[in-house]
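K.L.:
Below: one structure in structure tokens.
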Amino acid sequence: MGKRTIVPFGPQHPVLPEPVHLDLVIEDEKVVEAIPSIGFIHRGLEKLVEKKEYTELVYVIERICGICSFGHGWGYCHAVEGLMNIEVPERAEYLRTIWHELSRIHSHILWLGLLADGFGFESLFMHCWRLRERVLDLFEKTTGGRVIFSVCKVGGVRKDVDKETLDEMVGVLRKMEIELKELTNTFMDDYSVKSRLVGIGVLSKEDAIELCAVGPMARASGVDLDIRLTGNGIYDKLGFAPCIETAGDCYARCAVRIREIYQSIDMIEEAVKTIPEGDIAVPVKGNAPKGEFITRLEQPRGECFYYAKGADSKFLERMRVRTPTNMNIPAMVKILQGCDLADVPMLFLTIDPCISCAER
Amino acid sequence: MSYVTKSPWIIHYDGSSCNGCDIEVLACLTPMYDVERFGIINTGNPKHADIFLVTGSVNEQSIKVVKQIYDQMPEPKVVVAVGICASSGGIFKECYNVLGGIDMVVPVDVYVPGCAARPEAIIDGVVKGLGVLAEKRAAMDKKPAAAAKAEAKEGA
């Protein structure tokens, strides 16, 4: 038995764009225990419900995270709409679904790039991020923003997208798919990539359930958990089935996300084909009534809860978001136990951590 | 960009941002914007860096880290506050855990506005920072000379 040493990891660390701190207790080269400490980017934005009206709060909630900002905006709006009994026009739900799936594509490609950077394959990182710019261009064309869109509002969406632009969007995505196939071949078949991913950081199905893992992390361990199945938005009309792998290692988590990119492209095409004409928003007036509403949404990183409590005023009494990264941290601590020190960045990245979501 | 005579190395730290500006900082390095062709590298080591890019505002916990990184950087150094949160606190200004812009902790040379700041704006900020860096360098060269003169006078 070797000597135990504690290696600090973060908060400022080259593989992490975001600050998080891990104390790694190591014995020779094996990690015995990982102790995460967070709080570097806690802003306390849930408290802003007292200062911003419920119609304005959507801008704050969107800025929980710059990567899945659309999903947060949608989840919040859905919670308030539920509280106020607002029926959203169908076209708005279609547009929200399209934008949400676009966010998923952009988030997953971004993650693939970071993963490639994590295992030292820099050109693959560059290619992933090059492809991602096309999705951002689509966002810019349809919403006006690259990462923060502010296009979702209580009662509907702010901008309509005409048919030509939607068709063009599908065209761009289909073209992108061809190039993406080349990249995913590298992720899935390249032997040096496989040597870093296969069999590393295995999370069993039982552990995934017990530690409440969510999203691709759970699905890679064979847990059939996808909130899109419960049918918010128009997912029930898109013939959707979750992507599930059973191995539970880094390779499986990578495979789940890659399959989800293709699935999202198919879903967007289907939604564009069937999108109905009509209004994109209903007017919203008056106070948020007394009551509570809770809703769930499948973010790119997993299941996300939104809770809104009204107090018969312009201001909500409480707003709560439970984000996927929070739920995946126990599972991450579990897979870090017994891994090689050199694999720590990889294992940390495969939960797709979003610290600004986790701390808010 | 023929006037870029120095390839600055950059260190990036996320004070308490929402990720929006961080991924835009990273996007600057990737093929669409590709500042690496000018030799600009994102380094993880403060002692290698010339320009400190900070995104997001500061809070009680990150204030120490920002200060530490700034202190470790060798002179001359430039601080670029990326995004509205780093400049003033932005939309989170009223949050209980947000103290305000980065200029509360370290002196800021260039402010890049935007929520999230666009890559073009960030690159522009870094180019402006290069000008400041050159000025600071020149001032540093002068100082020792002036000090030597003063010493010589005292001796005489």
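One line per chain: the protein sequences are A and B, in this order. Going by this note's numbering, the first residue of the first sequence is number 1, and it counts up by one from there. Going by this note's numbering, the first residue of the second sequence is number 361, and it counts up by one from there. For every residue, glycine included, the Cβ atom is placed at its ideal position computed from N, Cα and C. From a predicted model like this one, the values you see are computed outputs, not experimental measurements.
Can you check whether the CB of I26 of chain A is closer than 8 Å to the CB of T5 of chain A?
P.N.:
Locating residue 5 of chain A in the first sequence gives position 5, where the first residue counts as 1. Locating residue 26 of chain A in the first sequence gives position 26, where the first residue counts as 1. Yes, Cβ-Cβ distance for T5 of chain A and I26 of chain A is below 8 Å.
K.L.:
What three-state label does DSSP hand A220 of chain A in the structure shown?
P.N.:
To locate residue 220 of chain A, count along the first sequence from 1; it is residue 220. Note: A220 of chain A maps to coil in three-state DSSP.
K.L.:
With distance defined between alpha-carbon atoms, name the residue in A:F121, A:L238, A:S204 nearest to D190 of chain A.
P.N.:
Taking the first residue of the first sequence as 1, we reach residue 190 of chain A at position 190. If we check each option's Cα against that of D190 of chain A, A:F121 comes out closest.
K.L.:
Along chain B, which residues have their Cβ under 7 Å away from the Cβ of V147 of chain A?
P.N.:
Position 147 of the first sequence, counted from the first residue, corresponds to residue 147 of chain A. Per Cβ cutoff of 7 Å: G380, I383, E384, A476.
K.L.:
Residues in the same chain with beta-carbon distance under 6 Å from I335 of chain A, minus the five sequence neighbours each way, listed in chain order, please.
P.N.:
The residue given as residue 335 of chain A occupies position 335 in the first sequence. If we look at I335 of chain A and ignore the five residues flanking it on each side, its Cβ neighbours are G201, L203, L347.
K.L.:
Give a yes or no on whether the minimum CB-CB distance between I482 of chain B and chain A is below 8 Å.
P.N.:
Taking the second sequence and counting its residues from 1, one reaches residue 482 of chain B at position 122. No, no contact with chain A.
K.L.:
Using a Cβ-Cβ cut-off of less than 7 Å, give me the residues of the segment 103-132 of chain A that come near chain B, in sequence order.
P.N.:
L110, M126, W129, R130
K.L.:
Taking its Cβ as the centre, do 16 or more other Cβ atoms sit within 10 Å of G338 of chain A, making it buried, or is it exposed?
P.N.:
As a first step, residue 338 of chain A must be located in the first sequence, where it is residue number 338. Burial call: exposed.
K.L.:
I'd like to check one pair, A92 of chain A with I294 of chain A: are the Cβ atoms closer than 8 Å?
P.N.:
Residue mapping note: residue 294 of chain A aligns to position 294 of the first sequence, counting from 1. Residue mapping note: residue 92 of chain A aligns to position 92 of the first sequence, counting from 1. No; because the gap between Cβ atoms is not below 8 Å, this pair is not in contact.
K.L.:
Have a look at A:E101, A:L24, A:L16, A:P19 and flag the residue whose alpha-carbon is nearest the alpha-carbon of D340 of chain A.
P.N.:
Taking the first sequence and counting its residues from 1, one reaches residue 340 of chain A at position 340. Per the Cα distances, A:L24.
K.L.:
So with CB distances below 9 Å, who are the chain B contacts of E18 of chain A?
P.N.:
As a first step, residue 18 of chain A must be located in the first sequence, where it is residue number 18. Residues of chain B passing the Cβ test: D374, S377, N379, D382.
K.L.:
Could you tell me the distance, in whole angstroms, from the CA atom of R228 of chain A to the CA atom of C388 of chain B?
P.N.:
Position 228 of the first sequence, counted from the start, is the residue given in the question as residue 228 of chain A. Position 28 of the second sequence, counted from the start, is the residue given in the question as residue 388 of chain B. Cα to Cα, the separation comes out at about 33 Å.
K.L.:
On the three-state DSSP scale, how would you describe T325 of chain A?
P.N.:
Position 325 of the first sequence, counted from the start, is the residue given in the question as residue 325 of chain A. Reduced to three states, the DSSP call for T325 of chain A is helix.
K.L.:
Would you report the Cα separation of A358 of chain A and E29 of chain A, rounded to the nearest angstrom?
P.N.:
Within the first sequence, numbered from 1, the residue matching residue 358 of chain A stands at position 358. Within the first sequence, numbered from 1, the residue matching residue 29 of chain A stands at position 29. Their backbone Cα atoms lie some 29 Å apart in a straight line.
K.L.:
Take V426 of chain B as the anchor and find which of A:E50, A:G10, A:C65 has the nearest alpha-carbon.
P.N.:
Here residue 426 of chain B refers to the residue found at position 66 of the second sequence. Minimum Cα distance to V426 of chain B is reached at A:G10.
K.L.:
Find the residues of chain B that neighbour C354 of chain A, judging by a C-beta separation of less than 9 Å, and give them in chain order.
P.N.:
Position 354 of the first sequence, counted from the start, is the residue given in the question as residue 354 of chain A. Result: N379.
K.L.:
Using three-state DSSP, classify I105 of chain A as helix, strand or coil.
P.N.:
Taking the first residue of the first sequence as position 1, residue 105 of chain A is located at position 105. Of the three classes helix, strand and coil, the one that applies to I105 of chain A here is helix, per DSSP.
K.L.:
Where does R301 of chain A sit, in a helix, a strand or coil, going by DSSP?
P.N.:
For the purposes of this step, residue 301 of chain A is taken as the residue at position 301 of the first sequence. Reduced to three states, the DSSP call for R301 of chain A is coil.
K.L.:
Considering only C-alpha positions, which residue in the set A:P19, A:I38, A:V7 is nearest to P330 of chain A?
P.N.:
Taking the first sequence and counting its residues from 1, one reaches residue 330 of chain A at position 330. The residue with the shortest Cα to Cα distance from P330 of chain A is A:I38.
K.L.:
Applying the criterion that 16 or more other CB atoms from any shown protein chain within 10 Å of the CB defines a buried residue, is A499 of chain B buried or exposed?
P.N.:
As a first step, residue 499 of chain B is located in the second sequence; it is residue number 139 there, counting from the start. A499 of chain B comes out exposed.
K.L.:
Check for me: the beta strand (DSSP E) holding A34 of chain A runs from which residue to which?
P.N.:
Walking along the first sequence from the start, residue 34 of chain A turns up at place 34. Note, A34 of chain A: beta strand (DSSP E), 30-37.
K.L.:
Q12 of chain A: buried (16+ other C-beta within 10 angstroms of its C-beta) or exposed?
P.N.:
For the purposes of this step, residue 12 of chain A is taken as the residue at position 12 of the first sequence. It is buried - the Cβ of Q12 of chain A has at least 16 other Cβ atoms within 10 Å.
K.L.:
Does the beta-carbon distance from V80 of chain A to I451 of chain B come in below 8 Å?
P.N.:
Residue 80 of chain A sits at position 80 when you count from the first residue of the first sequence. Residue 451 of chain B sits at position 91 when you count from the first residue of the second sequence. No, the pair does not count as a contact, with Cβ atoms beyond the cut-off.
K.L.:
For G485 of chain B, which residues in the same chain have their Cβ closer than 6 Å to its Cβ, ignoring the five residues on either side in sequence?
P.N.:
If you number the second sequence from 1, residue 485 of chain B lands on position 125. Closer than 6 Å at the Cβ level, and outside the excluded window around G485 of chain B, lie V440, V470, V472.
K.L.:
I'd like to check one pair, E50 of chain A with F315 of chain A: are the Cβ atoms closer than 8 Å?
P.N.:
Walking along the first sequence from the start, residue 315 of chain A turns up at place 315. Walking along the first sequence from the start, residue 50 of chain A turns up at place 50. Yes, these two residues count as a Cβ contact at 8 Å.
K.L.:
Taking the alpha helix (DSSP H) that L22 of chain A falls in, what are its first and last residues?
P.N.:
The sequence position of residue 22 of chain A within the first sequence is 22, counting from 1. L22 of chain A -> not in any alpha helix (DSSP H); beta strand (DSSP E) instead, spanning 21-27.
K.L.:
My assumption, with CB atoms under 8 Å, is that V385 of chain B sits in contact with V442 of chain B. Please give the rounded CB distance.
P.N.:
Against the second sequence, residue 385 of chain B aligns to sequence position 25. Against the second sequence, residue 442 of chain B aligns to sequence position 82. That belief holds up - the Cβ atoms of V385 of chain B and V442 of chain B are roughly 6 Å apart, short of 8 Å.
K.L.:
Is DSSP giving L389 of chain B helix, strand or coil here?
P.N.:
For the purposes of this step, residue 389 of chain B is taken as residue 29 along the second sequence, with counting starting at 1. It is helical.
K.L.:
Pull out every residue of the segment 453-472 of chain B whose Cβ sits closer than 7 Å to any Cβ of chain E, in chain order.
P.N.:
Looking for chain E here will not work: the only protein chains present are A and B.
K.L.:
Could you pull out every residue in the same chain whose Cβ sits closer than 6 Å to the Cβ of I98 of chain A, ignoring the five residues on either side in sequence?
P.N.:
Position 98 of the first sequence, counted from the first residue, corresponds to residue 98 of chain A. These residues qualify, in order along the chain: I268, A271.
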